[in-house]
Amino acid sequence: MLLSKGIEKFIESREAICEISTVTHYKNSIKYFMEFVTSTMDSVPELEAITDNILNDFVKYLRKKPKNQNHPFIPSTNENIKNKTIKTYCLDVVSMFNWFYEKHFIQDKITDGFVMPQEENTSVVPLSVEE
């Protein structure tokens with residue numbers, strides 16, 4: 001099965017059980033994954049052609065992606081997207097590949113070898129009484 005067909009089936013399954021905003025989020029994250037895959041491969045691959053190495057390369061691709069690129073209202077910046085955003089996109093893609101595995105669309109659970117990006121340390125400093 002082609003990756004694009006598998007994505008269609010996954011989105012259809014999410015539309016049956018998820019809120020519209022969740023489905024929209026899945027579509028957005030998966031769109032970035034498809035952009036990456038189609039930019040690195042000659043054509044849309046079969047599901048079985050996707051490996052954990054491709055998932056790792058997807059993270060590297062996202063790390064170079066400018067913040068707000070292709071955003072309809074906010075201009076793009078020289079700053080790259082943060083690890084927290086990358087992790088969010090990866091969670092959606094990992095969920096999709098776990099679903100492919102559960103539905104027997106792929107034989108190997110490629111997400112087992114995938115390490116999720118860690119979020120940046122953003123410590124919250126408590127305010128003093130005077131502040």
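Residues 1 to 131 (my numbering) are what the sequence shown spells out, left to right.
Think of the CB as a built atom: it goes at the ideal place given N, C-alpha and C, for glycine as much as any other residue.
Computed from a predicted structure; not experimentally measured.
- With fewer than three CB-CB distances shorter than 8 Å, the stretch 12–27 does not count as touching the stretch 52–65.
- Take residue 2, set aside five residues on each side of it, and the residues of its chain with a beta-carbon closer than 8 Å to its own are 44, 45, 46, 47, in chain order.
- In this structure, the alpha-carbon of residue 86 lies about 37 Å from that of residue 130.
- Taking a 10 Å sphere around the C-beta of residue 115, we find fewer than 16 other C-beta atoms and assign the residue as exposed.
- Distance from the CA of residue 112 to the CA of residue 37, rounded to the nearest whole angstrom, comes to 20 Å.
- Boundaries of the alpha helix (DSSP H) harbouring residue 96: 83–102, taken from the DSSP string.
- In terms of Cα proximity to residue 108, the closest of 15, 51, 11 is 51.
- Residue 66 is bridged by DSSP to 80.
- Assigned with DSSP and collapsed to three states, residue 15 falls in helix.
- Separation of residue 101 and residue 35 (C-alpha to C-alpha, rounded to the nearest whole angstrom) is 22 Å.
- Within the same chain, and ignoring the five residues on either side of residue 117 in sequence, the residues whose Cβ sits closer than 7 Å to its Cβ are 59, 83, 86, 87, 90.
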